[in-house]
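Asker:
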Amino acid sequence: MLFFNSGIFITYLIGSIGGVISYLLNLPIPWILGPLLFILLSKIFCSFQGEYSIRLRNIGFVIIGFQIGGTFTATTIDHVIPYLLPFSILTIGIILISIGNGFLLSRWLPIDMKTSMLGAVPGGLSVIIALSESLKANAAIVTIFHTIRLLAVLLIVPLLATQLLVGNDLSSQEAFQSTEVEQGPIWTLIIIIAISILAWTLQNKVPAGLVVIPMILMAMFQINHFPLYHFSEYLYIFAQLAIGVQLGCSISIDDISKAGKYCVYYLIVSITLIAISFGFGYLFSKITSLDLATAILSLVPGGLVEMALTAESVGADPSIVGSLQTLRLLTIVLLLPFALKYLLQKIEKRESMNHENKV
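Read the sequence shown against the UniProt record's numbering and you will find it ends at 359, with the numbers running on by one and no gaps.
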């Protein structure tokens with residue numbers, strides 16, 4: 001498969017224009033949000049479908065993994081460990097609230113309970129779709145509702161973060177921004193290539209492996225005072241552009257319009273969950289020594305990549321955000337499917353017994 005054809009070239013050109021304009025307008029994470037917004041606008045107003053290269057997207061994920069891992073220092077692990085227990089409790093609380101929201105919506109709307117609950121939980125789309133098929137829920141509707149959640153998180157959280165969180169903890173921001181990244185020798189590119197091949201090989205066996213594996217291994221080298229070579233800023237921009245284009249192409253305007261008025265309800269649920277996450281983040285910052293921006297961005301149910309990059313843009317600590325978002329991701333991927341399956345079976349069994357008693 002070629003990296004480019006005419007359709008892919010036009011799509012990346014539109015994404016690049018969106019990135020440049022967003023950068024000039026000083027929007028948050030401009031090289032992700034810009035391509036996403038401009039491709040969406042092209043779909044709405046020009047009936048443009050858009051094509052993207054999976055290979056370029058995957059390369060982008062690997063590069064971003066190295067970028068996040070490069071922000072770790074020898075003290076990062078010591079800083080993260082005290083936050084694990086309160087973070088885990090708050091994360092599980094957010095997941096339970098989202099499941100409850102889905103359950104309530106299934107009582108108010110003509111949507112079956114499985115579909116509604118799976119559509120409301122903040123899990124990775126591929127995992128939730130696989131789970132919806134195994135539980136015989138409506139996978140198409142679940143996809144639409146998760147698309148709405150993705151849009152809400154990507155558009156609302158970075159904008160709120162740049163407006164509300166910049167300047168809340170100047171000492172923390174200055175401390176992070178004053179930490180210079182030590183450039184590793186160019187020969188360590190051999191190690192980076194080896195790690196990239198490993199990530200590519202294990203991408204289907206490790207959750208978000210293309211990001212998580214480079215991030216963790218790069219962090220291990222950083223923590224042990226053996227810095228690897230850091231890429232040019234332009235390569236990081238390319239990586240974000242590739243991810244932004246893929247996100248824009250993955251959102252179907254037709255699917256959203258088919259869901260009709262139900263989209264509004266799930267948009268409200270998504271916004272409510274974001275607001276609750278901000279509230280939990282505030283609580284997290286009060287019961288720990290974390291600054292407000294880092295605490296909130298660690299808990300918000302957004303993507304690992306997007307939240308870590310947003311943390312960097314607002315002066316929070318992307319290494320802590322990346323670590324805790326990885327833990328949140330693993331919790332959702334490893335525990336949520338089993339918990340949801342058990343919970344849905346319990347509810348269905350209870351409803352079946354109630355129905356039999358009435359008869």
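Every residue, glycine too, gets a C-beta built ideally from N, C-alpha and C. Just so we're clear, the structure is a prediction, and the values are computed from it rather than from any experiment.
Alpha carbons only, please: which of E312, L329, C263 is nearest the one belonging to T143?
Answerer: Minimum Cα distance to T143 is reached at C263.
Asker: Is F66 closer than 8 Å to L327 when the C-beta atoms are compared?
Answerer: Contact flag unset, no.
Asker: What's the C-alpha gap between E348 and T76?
Answerer: Near 45 Å, if we compare the C-alpha coordinates of T76 and E348.
Asker: Tell me, to the nearest whole angstrom, how far the beta carbon of L105 is from that of Y236; I am working on the premise that it is less than 8 Å.
Answerer: Going by Cβ atoms, the distance from L105 to Y236 rounds to 39 Å, so no, they are not a contact pair.
Asker: Let me know if C46 comes out buried or exposed under the rule of 16 or more other beta-carbons within 10 Å of its beta-carbon.
Answerer: The residue is exposed, with fewer than 16 neighbouring Cβ atoms inside 10 Å.
Asker: So which of I14, L330, L340 has the shortest CA-CA distance to Y37?
Answerer: Here residue 37 turns out to be Leu, not Tyr, going by the sequence shown. Selected option, being the one with the closest Cα: I14.
Asker: I68 and P301: beta carbons closer than 8 Å?
Answerer: No, they are not a contact pair.
Asker: Rounded to a whole number of angstroms, what is the C-alpha to C-alpha distance between M307 and L160?
Answerer: Those two C-alpha atoms are separated by around 12 Å.
Asker: What span of residues does the alpha helix (DSSP H) with Y52 cover, start to end?
Answerer: Counting along the chain, Y52 falls outside any alpha helix (DSSP H), and DSSP gives it neither H nor E.
Asker: At which residues does the alpha helix (DSSP H) containing Q246 begin and terminate?
Answerer: From DSSP, the alpha helix (DSSP H) with Q246 extends over 233–250.
Asker: Out of curiosity, what's the CA-to-CA distance linking I223 and T73?
Answerer: I223 and T73: Cα-Cα distance of roughly 5 Å.
Asker: With 16 other CB atoms within 10 Å as the buried threshold, where does T11 fall?
Answerer: The residue in question, T11, is buried, as its Cβ has 16 or more Cβ neighbours within 10 Å.
Asker: What residue from V157, P337, S42, R57 has the CA that sits closest to A242's CA?
Answerer: Checking every option, the nearest Cα to that of A242 belongs to R57.
Asker: Look at the Cβ atom of I89, then the Cβ atom of L309, and state whether they are nearer than 8 Å.
Answerer: For I89 and L309, no; Cβs fall outside 8 Å.
Asker: Suppose you measure from the CA of S171 to the CA of D291; what does that come to, to the nearest Å?
Answerer: The predicted position of S171 is uncertain, since its pLDDT is 45 and thus under 50; a value taken from the coordinates is nonetheless stated next. Roughly 9 Å separates the two Cα atoms.
Asker: Which whole-angstrom value describes the C-beta separation of I156 and I271, a residue pair presumed to lie in contact below a C-beta threshold of 8 Å?
Answerer: So it is a contact: roughly 7 Å between Cβ atoms.
Asker: Quick check: what's the CA-CA separation for L131 versus N5?
Answerer: Cα to Cα, L131 sits roughly 34 Å from N5.
Asker: Within its chain, find whatever has a CB closer than 8 Å to the CB of S277; leave out the 5 residues flanking it on each side and keep chain order.
Answerer: Taken in chain order, the residues that qualify are I94, I296, L299, V300, P301.
Asker: Please state whether DSSP places E351 in a helix, a strand or coil.
Answerer: Three-state DSSP puts E351 in a helix.
Asker: What's the call for Q325, buried or exposed, on a 16-neighbour Cβ count within 10 Å?
Answerer: Buried is the call here.
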